[in-house]
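See below for the structure under consideration.
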Amino acid sequence: MNIGTRTVDTVTILDISGKITIGESSVELRNKIRDLVKSGQKNILLNMGDVSYMDSSGIGELVSAYTNVTNSGGKLKLLHLTKKLHELLAITKLLTVFESYENEQQALQSFRK
Amino acid sequence: MSLRANVVEVSVESSLDYVELIQTLSDNITRMMGFDADTSHWIGMSIRESVVNAIYHGNKSDKSKRVGIKFEIYQDRLVVNVDDEGEGFDPGSIPDPLAGENLMKPSGRGIFFMKSFMDQVEFLPRPAGGTRLRMTKRMHSILEGEKK
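Same order as they appear, the protein sequences are chains A and B.
One point on numbering: in numbering that gives the first Met the number 0, the residue at position 107 of the first sequence is 106, and numbering is uninterrupted.
One point on numbering: in numbering that gives the first Met the number 0, the residue at position 26 of the second sequence is 25, and numbering is uninterrupted.
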């Protein structure tokens, strides 16, 4: 898994590619989110468009990331869900928790509200 | 393909290093059987989750204990047995991941995914100790296509 980091306005965008599965990749995402929260980043957008595979541990990391960011007073949102990730979030009822967008500009705009 | 099952069987130590290998094996078998790409993906994920559970929850990551994976390939279905050498398992003890109090828990969705994507999931005690997770996936679309 690779994580690219961009900042637009007040939003940190993480461009994630590859697999988010049990083991190193889950830990890498967890550490990245933890570091952003520690450094005071409040608005985080996870670009999932190039995530090729997720297992239950990957879903668990998304949940942990959401909880971590929300508890620190921030917002974590998702961008470009793949069809399979959308299905996993739907059957686990997590689509009702996560705010997700298909368009980056609209996602960025949502943080300004 | 005859009515008798073709069997592919592997046994690995309790290490995540083998999870990708098992998934690749699953992907190859399901494609060979004629499952569509999406169904192959979900079968592979179910097997992956079951192997990870066998390693962590069954064998407690004890590398001296084995995880056995047996693919039974029938004309109309795939049956997968995943065996651990743990102390047994009560499937009724697993919390519902869709319940409000569990929705935001970081773990506890693996068995839910298996039950969502496979047609049948059974937990069977093994006579020698440990648990056998037995999953079945039928080839609905191919059978329906043959009827037309």
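Even glycine gets a Cβ: it sits at the ideal position worked out from N, Cα and C.
field: Nearest neighbour of residue 77(A), chosen from 34(A), 1(A), 107(A), 33(A) [CA to CA]
entry: 107(A)
- request: Compare the C-beta of residue 66(A) with all C-beta atoms of chain B and state if any pair is closer than 8 Å.
  value: Chain B, which has a Cβ nearer than 8 Å to the Cβ of residue 66(A), makes this yes.
- request: Going by CA-CA distance only, name the one from 25(B), 104(B), 106(B), 84(B) that's closest to residue 61(B).
  value: Per the Cα distances, 84(B).
- prompt: Expressed to the nearest angstrom, what Euclidean distance is found between the alpha-carbon atoms of residue 59(B) and residue 23(B)?
  reply: 24 Å
task: List the residues of chain B whose Cβ lies closer than 7 Å to the Cβ of residue 21(A), in chain order.
output: 15, 51
Integer-rounded CB distance, given that residue 13(A) should sit under 8 Å from residue 61(A): Contact check for residue 61(A) and residue 13(A): beta-carbon distance about 12 Å, past the 8 Å limit, so the pair fails to qualify.
field: Whole-Å CB distance - residue 9(A) paired with residue 110(A), under 8 Å assumed
entry: Yes, residue 9(A) and residue 110(A) are in contact; Cβ-Cβ is about 7 Å, under 8 Å.
query: Does any residue of chain A bring its CB to less than 8 Å from the CB of residue 142(B)?
result: With a pLDDT of 48 at residue 142(B), under the threshold of 50, the modelled position of this residue cannot be trusted, and the question is left open.
task: Quick one: using the 10 Å Cβ neighbour count with 16 as the cut-off for buried, is residue 68(A) buried or exposed?
output: By the neighbour-count criterion, in which 16 or more other beta carbons inside 10 Å mark a residue as buried, residue 68(A) falls on the buried side.
task: Answer yes or no: do residue 104(B) and residue 6(B) have a C-beta to C-beta separation smaller than 8 Å?
output: no
- request: Can you give me the Cβ contacts of residue 141(B) inside the same chain, cut-off strictly under 6 Å, excluding the 5 residues immediately before and after it?
  value: For residue 141(B), the predicted structure reports a pLDDT of 49, less than 50, and the residue's modelled location is therefore unreliable. A value from the coordinates is still provided. Hits under 6 Å: 33.
- request: Check the Cβ-Cβ distances between residue 73(A) and every residue of chain B, and say whether any is below 8 Å.
  value: no
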